[in-house]
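As you go down the protein sequences, you meet chains A and B in turn. Per my numbering, the first sequence starts with residue 1, numbered consecutively. Per my numbering, the second sequence starts with residue 1001, numbered consecutively. For each residue, glycine too, the CB sits at the ideal point set by N, CA and C.
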Amino acid sequence: MSARLLATLATLFSGVRDLLPIIVVIGFFQIAVLQQPVPHLERILLGALLVAIGLSLFLRGLEMGLFPIGESLAYALARKGSLAWLLLFAFALGFGTTVAEPTLIAIAGEAARVAAGGGVIADSDAARADYAFGLRITVALSVGTAIVLGVFRILKGWPVHYLILGGYLGVVVLTPFAPAEIVGIAYDSGGVTTSSITVPLVTALGVGLASSIRGRNPMIDGFGLIAFASLTPMIFVMAYGALR
Amino acid sequence: MTELLARLADTALATLRDVLPLLAVLLGFQLWILRQPIPQLRRVLAGFGYVVVGLVLFLVGLEEALFPLGRLMARQLTDPAFLGIAGGVGTWSDYLWVYGFAAALAFASATAEPALIAVAMKANAVSGGAIGVRGLRVAVGLGAALGIALGTFRIVTGLPIHYFIMAIYAVIMVQTLYAPRMIIALAYDSGGVTTSTVTVPLVAALGLGLAGTIPGRDPVVDGFGLIAFVCSFPIMTVLGYAQLADWRARRAATRQPRREI
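Encoded structure:
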């Protein structure tokens, strides 16, 4: 029991340590640069405690739940030997986790406002909701496509940088054709689609897949899925902006 | 107190909306396609519970403690009166405090990002300890810091974003040619993981605050795009970190045959 308590305290401590840099930065700029007292100190301490508990629970849950199930599914699908099911699973995972992502919903609403302000669409609630929904579906489709492409790459053992280079070229070529208002949002949408829950699961999938296929190195071939998932939304969103 | 509880409920709902489709896909495939029971089902479900509860507490704690202060400071630091350029148009060098604050904040929040810790743990396990959790997190944090400093500089000067992004891509491509093969995929991944839950709200507040106070900048057009910098720079620093380790290992063992790091 005391060993368990000690382990809990140790994870709590590491949670506090992870947060320490943010506290130091904000404290330094508040006191030394802006020269103002820190408001609501007790709320900040309470919040920091919540963050520390939350982070240690999250990391423990990853080891218990997300990592094992991601890997065991990857093994099982690789053993089943059906390419179609594997790719369908990859697509469902990418699409399903992205379409309901809270940050994406926020960004899509923001983008609709920009588009309405720029005269791209009519400035009415219906037109904005329509635009935002289309954008969400576009990004979710792009992440689904990215995971499918990434899984296919792991199976084939292609070097990751050829595909990334192709993606970069796509971004560069599309930029002049996309409306200027959408470019910043498109570039940002790549980063916001990958949430704290999707990332560990997708990583476990890639690594599990690469370790269950002969001749694939989990280090070289297993990573890279997240990279695709943050690149394709840029291309798809700019195409969406250009075609609308 | 009721406000705190309401926020807990809101965040729990948003996180559940995020998790439910994922759980549906996983269970659906496991039960209908593979037709297998899930090994250690109770443990896995408990793990999911931990992840959701942990993430909710983490987000609410940040929202309670640090985000309001971070946003307030982003506004104060970008205030023309504080920068000593009230009534006039400043040059890019009047904003040095802003770059410094942005870089320090990006470093601190990127290294605390749960998704980054998860990927670093996995990379550490897969590489048999050759890639250190702390080393990777610091490399990514440095990248985020450099990226955001350049991104805020771009907002201040108003230069078009795509020139910067193309230059960054060119550097990444050249680095890829010379970097150890083992690190490449992980480096590309480390761009996307920096911006999951901690960094985006703080960075977005900074970008919008900055674009809102500089004459001639449109908050919605120029305020966006900072996240793209935070996403692409860590790729360069992680590749650079591996190249440095590789170079030092080779220099230390010039007479021995080259070994993989």
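Taking the C-alpha atoms as reference points, what is the distance between residue i and residue j?
{"i": "B/A980", "j": "A/A3", "result": "As displayed, chain B neither begins before 1001 nor continues past 1261, which places residue 980 of chain B out of reach and without an answer."}
{"i": "B/L1041", "j": "A/G70", "result": "13 Å"}
{"i": "A/V51", "j": "A/G15", "result": "7 Å"}
{"i": "B/Y1169", "j": "A/T194", "result": "20 Å"}
{"i": "B/T1254", "j": "B/G1216", "result": "56 Å"}
{"i": "A/D188", "j": "A/L5", "result": "42 Å"}
{"i": "A/G167", "j": "B/T1002", "result": "48 Å"}
{"i": "A/I107", "j": "B/T1176", "result": "31 Å"}
{"i": "A/N217", "j": "B/G1141", "result": "27 Å"}
{"i": "B/R1248", "j": "B/A1242", "result": "10 Å"}
{"i": "A/A111", "j": "A/G119", "result": "12 Å"}
{"i": "B/W1032", "j": "B/I1148", "result": "46 Å"}
{"i": "B/A1006", "j": "A/G208", "result": "39 Å"}
{"i": "A/F91", "j": "B/I1235", "result": "25 Å"}
{"i": "A/T232", "j": "A/A140", "result": "10 Å"}
{"i": "B/L1008", "j": "B/A1115", "result": "21 Å"}
{"i": "A/G206", "j": "A/A132", "result": "31 Å"}
{"i": "A/L174", "j": "A/M238", "result": "7 Å"}
{"i": "B/V1126", "j": "A/L93", "result": "23 Å"}
{"i": "B/D1218", "j": "B/F1082", "result": "21 Å"}
{"i": "A/L169", "j": "A/T98", "result": "24 Å"}
{"i": "A/A48", "j": "B/Y1099", "result": "26 Å"}
The alpha helix (DSSP H) with residue i in it runs from where to where?
{"i": "B/V1174", "result": "I1161 to Y1178"}
{"i": "A/S189", "result": "A180 to V192"}
{"i": "B/E1003", "result": "T1002 to G1028"}
{"i": "A/I69", "result": "F67 to K80"}
{"i": "A/M64", "result": "No alpha helix (DSSP H) holds A/M64; DSSP gives it neither H nor E."}
{"i": "B/F1229", "result": "L1226 to A1252"}
{"i": "B/Q1076", "result": "F1067 to L1077"}
{"i": "A/V258", "result": "Any answer about residue 258 of chain A is impossible in this case: the structure gives chain A only from 1 up to 244."}
{"i": "B/P1124", "result": "A quick correction: the sequence has Asn, not Pro, at residue 1124 of chain B. From DSSP, the alpha helix (DSSP H) with B/N1124 extends over P1114 to V1126."}
{"i": "B/Y1099", "result": "L1096 to T1111"}
{"i": "A/G157", "result": "That residue, A/G157, is in no alpha helix (DSSP H); it is neither H nor E in DSSP."}
{"i": "A/D221", "result": "P218 to D221"}
{"i": "B/D1189", "result": "R1181 to V1193"}
{"i": "B/L1136", "result": "V1133 to T1157"}
{"i": "A/A227", "result": "L225 to L243"}
{"i": "B/P1201", "result": "T1199 to T1213"}
Here's the rule I'm using: 16 or more other beta-carbon atoms within 10 Å means buried, otherwise exposed. How should residue i be labelled?
{"i": "A/I147", "result": "buried"}
{"i": "A/P249", "result": "The requested residue 249 of chain A does not occur in the structure, where chain A is confined to residues 1 to 244."}
{"i": "B/I1155", "result": "buried"}
{"i": "A/G96", "result": "buried"}
{"i": "B/W1137", "result": "Here residue 1137 of chain B turns out to be Arg, not Trp, going by the sequence shown. Buried: at least 16 other Cβ atoms inside 10 Å."}
{"i": "B/Q1030", "result": "buried"}
{"i": "B/L1022", "result": "buried"}
{"i": "A/Q30", "result": "buried"}
{"i": "A/R17", "result": "exposed"}
{"i": "B/M1173", "result": "exposed"}
{"i": "B/R1035", "result": "exposed"}
{"i": "A/P68", "result": "buried"}
{"i": "B/K1122", "result": "buried"}
{"i": "A/S82", "result": "exposed"}
Along chain A, in chain order, which residues have C-beta atoms closer than 7 Å to that of residue i?
{"i": "B/T1176", "result": "H161"}
{"i": "B/D1018", "result": "A100, E101, P102, S195 and I197"}
{"i": "B/F1029", "result": "L73 and F89"}
{"i": "B/I1227", "result": "D188, G191 and V192"}
{"i": "B/Q1076", "result": "L34"}
{"i": "B/I1184", "result": "V160 and H161"}
Using the beta-carbon of each residue, which ones in chain B are nearer than 7 Å to residue i?
{"i": "A/V25", "result": "A1104, L1105 and A1108"}
{"i": "A/W158", "result": "By Cβ distance, chain B contributes nothing, its closest Cβ being about 11 Å from A/W158, past 7 Å."}
{"i": "A/R43", "result": "E1064 and A1065"}
{"i": "A/T259", "result": "There is no way to answer for residue 259 of chain A, as the model of chain A reaches only from 1 to 244."}
{"i": "A/S230", "result": "G1191, G1192 and C1231"}
{"i": "A/L19", "result": "A1112"}
Below 9 Å on C-beta distance, what does residue i contact in chain B?
{"i": "A/I226", "result": "A1115, V1119, Y1188, D1189, S1190, G1191, G1192 and V1193"}
{"i": "A/V172", "result": "H1162, I1165, M1166 and Y1169"}
Using the beta-carbon of each residue, which ones in chain C are nearer than 9 Å to residue i?
{"i": "A/K80", "result": "The structure shown contains no chain C; its protein chains are A and B."}
Could you name the residues of chain B that residue i contacts, counting a contact when the two beta carbons are closer than 8 Å?
{"i": "A/P218", "result": "V1126"}
{"i": "A/G16", "result": "For clarity, residue 16 of chain A is Val in the given sequence; the question names Gly instead. Within 8 Å Cβ-Cβ: nothing; A/V16 doesn't reach chain B, min ~11 Å."}
{"i": "A/L209", "result": "Those within 8 Å of A/L209 in chain B number zero; the least Cβ separation is about 12 Å."}
Give me the chain A residues within the contact set of residue i, using Cβ-Cβ distance strictly less than 8 Å, ordered along the chain.
{"i": "B/P1021", "result": "G96, T97, V99 and A100"}
{"i": "B/I1161", "result": "V183, G184 and Y187"}
{"i": "B/M1173", "result": "H161, L165 and Y168"}
Identify the contact partners of residue i in chain A, using a Cβ-Cβ distance below 9 Å as the criterion.
{"i": "B/A1245", "result": "Within 9 Å Cβ-Cβ: nothing; B/A1245 doesn't reach chain A, min ~14 Å."}
Chain A contacts made by the segment 1190-1202 of chain B, where a contact means CB separation under 7 Å: G1191, G1192, V1193, T1195, S1196, T1197 and V1200
Residues of the segment 119-140 of chain A with Cβ closer than 8 Å to any Cβ of chain B, in chain order: none
Against chain A: residues of the segment 1044-1058 of chain B by CB proximity under 9 Å: V1044, L1045, A1046, G1047, F1048, G1049, Y1050, V1051, V1052, V1053, G1054, L1055, V1056, L1057 and F1058
Against chain B: residues of the segment 52-64 of chain A by CB proximity under 9 Å: A52, I53, G54, L55, S56, L57, F58, L59, R60, G61, L62, E63 and M64
Chain B contacts made by the segment 28-41 of chain A, where a contact means CB separation under 7 Å: F29, Q30, V33 and L34
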